[in-house]
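For the sequence shown, position 22 (counting from the first letter as 1) is numbered 22 according to this note's numbering, and the numbering increases by one without interruption.
Positions of the beta carbon are idealized from the N, C-alpha and C atoms, including for glycine.
For reference, the structure is listed below as structure tokens.
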Amino acid sequence: MRYVLPFLFALSASPALAQTVDVSGAETLTANFARYIGTTAFDKGVVKITVQDDAYRLEVDFDKLLALFPAQEALKLEVDPYVLSLKPRSDGTWDVSGDVAPDGKLEMKAEEGTHTAQWQVADDKFSGVYDPALAGFSTASGKFGALSSTSTDPTSSTEFTAASGSFDIQSTKNATRGVDFTALQTVSDMTQTMRVSAPEAGMDLPVVIRSPELSYSSGATGFQSQQLLDLLAFGVANAEEAKLKAAQPELKTLLRNALPLWNHLTGSYGWRELSVGTPIGIFSAANARIDVAMDGVRKDGSVAYKLQIDALKVPDDVLPGWTVPLLPEDIDLNFAGTELDLEGPATMAIDALDLNSDTPISKEVGDMIMAQFMAEPPKLVINRSILRNKDTEISAEGAVTFVGAAPTLTATVEAAGFDKAMQTIQDAMTTAPEAQQAYMVAVAAKGFAKILSDGRLQWVIEMTPDGAVTVNGAMVKPADQPAPQ
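This is the structure we're talking about:
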């Protein structure tokens with residue numbers, strides 16, 4: 001859908017109003033589209049809107065787009081025309097349908113060698129309802145068949161293939177401001193091959209990623225779609241430097257109106273039965289997932305990251321055999337930054353913006369923004385994270401705060417099955433002398449631990465701004481000596 005959305009901005013200013021599909025309507029659509037992409041695209045035939053039966057036909061000609069730029073022997077671009085059908089509905093919305101993406105290829109010659117890219121999507125179709133009140137789709141879905149893309153440069157190449165895929169989008173008006181949306185895309189039987197080579201050095205490093213199902217989901221609450229489109233229209237209308245400088249007050253108003261961009265934004269990638277083939281063997285997992293969530297530009301915002309891997313397996317002989325039973329099979333890592341003030345710096349930057357100056361944001365303002373950030377830095381948080389195998393589970397949670405530039409750490413680490421891990425290390429010492437050092441570390445760690453009622457071991461770790469570190473109240477590192485004056 002990212003290929004479709006750029007061509008639908010104009011519909012935000014074009015309620016269908018049950019209008020008759022005719023030449024006059026096509027001219028109105030053309031004028032509205034020009035507000036977001038400029039008139040040159042229509043004057044030169046890059047974009048064309050015509051009447052086709054009971055709908056409007058929007059066509060993008062990429063050959064004519066390339067012709068707008070000076071001819072370059074070093075650049076070759078071939079992209080199929082892209083066509084959308086836009087049909088007005090009685091409620092002021094639009095039925096939109098077409099291909100998901102045009103096929104194409106690119107070749108660019110540079111001093112270091114030739115760069116190429118080629119992509120192709122088979123049997124791709126989508127349809128949806130575009131709502132000008134949302135500046136986006138209220139609903140849309142689509143599917144595609146075989147997908148392939150390749151890119152090369154003088155030292156590397158990447159190839160991606162998939163058997164098929166589908167996507168679904170749902171959007172509604174937010175209760176207070178903006179749009180709430182969810183989107184899900186799935187791809188089946190994907191393979192991605194990445195290769196780095198240096199023939200003169202005899203180096204050839206392929207990495208092959210495979211998964212029968214790759215999924216990507218995203219969502220947002222309070223997404224400021226219309227306000228961002230207003231900024232785009234402003235940029236097109238004031239592309240000339242003199243006009244932009246003269247319209248600076250309007251620009252500041254539009255920037256303020258676009259904040260906080262969104263209330264909350266999420267995104268995740270997930271792989272089922274993931275395998276990663278490397279020159280040293282195959283790494284695999286039953287499931288792997290990456291999640292990201294972030295607030296908009298606000299006073300007390302946060303950003304969070306999550307990495308989850310189930311049933312991790314590593315290649316044989318990568319690590320000493322005695323360490324394999326100690327490796328985690330399930331991984332759940334959760335990190336966040338909280339108390340993140342982006343509203344203050346953004347407001348200061350907008351207020352101070354001066355396009356008539358050689359430095360639109362002065363050094364003094366930049367220093368003030370940095371000083372404010374250092375005075376109220378965000379908190380780094382380790383939300384409950386777990387490493388687990390069949391015998392042992394280790395969990396950790398805590399936070400790092402800053403007093404000036406000095407960090408303060410509080411963290412709690414707990415372990416179940418620690419004695420089994422120690423026994424594994426001890427048994428290995430007879431055939432692997434290097435295990436002795438690991439065993440000594442484990443013995444020392446257990447010595448600092450507190451034994452909980454359920455048998456788990458616990459370490460409460462604290463670090464103060466002066467550098468002192470304690471574990472369960474016992475000093476393990478004294479405070480740093482003051483720097484000499």
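- With a cutoff of 8 Å on beta-carbon distance, alanine 55 and serine 90 are scored as not near each other.
- If you draw a straight line from the Cα of leucine 214 to the Cα of serine 138, it is about 25 Å long.
- Just measuring C-alpha positions, the residue of Leu205, Lys390, Ala135 and Phe62 sitting nearest threonine 172 is Ala135.
- Distance from the Cα of asparagine 238 is smallest, within the candidate group Ile37, Ala406 and Gly270, for Ile37.
- Of all C-beta pairs linking the stretch 391 to 409 to the stretch 287 to 296, fewer than three are shorter than 8 Å, placing the two stretches out of contact.
- In the three-state reduction of the DSSP assignment, alanine 110 falls in the strand class, which pools E and B.
- A contact is defined here as three or more CB-CB pairs under 8 Å, and the stretch 445 to 465 meets this definition with respect to the stretch 405 to 416.
- For phenylalanine 181, there is no enclosing alpha helix (DSSP H); the residue is found in the beta strand (DSSP E) stretching over 179 to 198.
- In the three-state scheme derived from DSSP, where H, G and I count as helix and E and B as strand, proline 315 is classed as coil.
- Taking one beta carbon from each stretch, the stretch 258 to 278 and the stretch 214 to 229 have 3 or more pairs nearer than 8 Å; the two touch.
- Nearest to glutamate 112 by alpha-carbon distance, out of Gly145, Thr155 and Pro70, is Thr155.
- Using a Cβ distance threshold of 8 Å, tyrosine 130 and valine 96 count as a contacting pair.
- By the beta-carbon neighbour count (other beta carbons within 10 angstroms, threshold 16), serine 24 is exposed.
- Alanine 474 and alanine 396 have their alpha carbons spaced roughly 19 Å apart.
- Remark: fewer than three beta-carbon pairs, one from each stretch, lie closer than 8 Å, so the stretch 178 to 186 and the stretch 230 to 244 are not flagged as touching.
- Around the beta-carbon of aspartate 354, fewer than 16 other beta-carbon atoms lie within 10 Å, marking it exposed.
- The straight-line gap separating the alpha-carbon atoms of aspartate 153 and methionine 108 is approximately 9 Å.
- When the beta-carbon positions are compared, alanine 163 and serine 188 come within less than 8 Å of each other.
- In this structure, DSSP gives asparagine 174 a state outside helix and strand, which the three-state scheme calls coil.
- With respect to the C-alpha of glycine 366, the residue from Val381, Thr347, Ile382 and Thr470 having the closest C-alpha is Thr347.
- Straight through space, the alpha carbons of leucine 68 and lysine 44 are spaced by roughly 8 Å.
- In this structure, the straight-line span from the alpha carbon of threonine 193 to that of alanine 146 is close to 16 Å.
- If you ignore the 5 residues before and after lysine 64, its C-beta comes within less than 8 Å of the C-beta of Lys44, Gly45 and Val46, all in its own chain and listed in chain order.
- Excluding the 5 residues flanking it on each side, threonine 470 has same chain C-beta neighbours closer than 6 Å at Glu462, in chain order.
- Taking the Cα of glycine 219 as reference, the smallest distance to any Cα among Met203, Asn174 and Leu231 is reached at Asn174.
- At a cut-off of 4 residues, the continuous stretches assigned as alpha helix (DSSP H) that sit fully inside the stretch 301 to 359 are 343 to 352.
- In this structure, the beta-carbon distance from valine 297 to leucine 255 does not fall below 8 Å.
- Cβ atoms of lysine 105 and tryptophan 94 stay farther apart than 8 Å, at about 32 Å.
- Rounded to whole angstroms, the Cβ separation of alanine 421 and alanine 442 is 7 Å, and the two are in contact under 8 Å.
- Note on valine 318: under 16 other CB atoms within 10 angstroms of its CB, so exposed under the neighbour-count rule.
- Burial of arginine 35 is indicated by the presence of at least 16 other C-beta atoms within 10 angstroms of its C-beta.
- The beta carbon of glutamate 273 is closer than 7 Å to those of Ser211, Pro212 and Ala286 in its chain, skipping five residues each way along the sequence.
- Contact check for serine 197 against serine 268 fails: the beta carbons are separated by 8 Å or more.
- Minimum Cα-Cα distance from isoleucine 386 among the listed residues Asp310, Ala349, Thr408 and Ala444 corresponds to Asp310.
- Annotation: methionine 429 is outside any alpha helix (DSSP H) and is labelled neither H nor E by DSSP.
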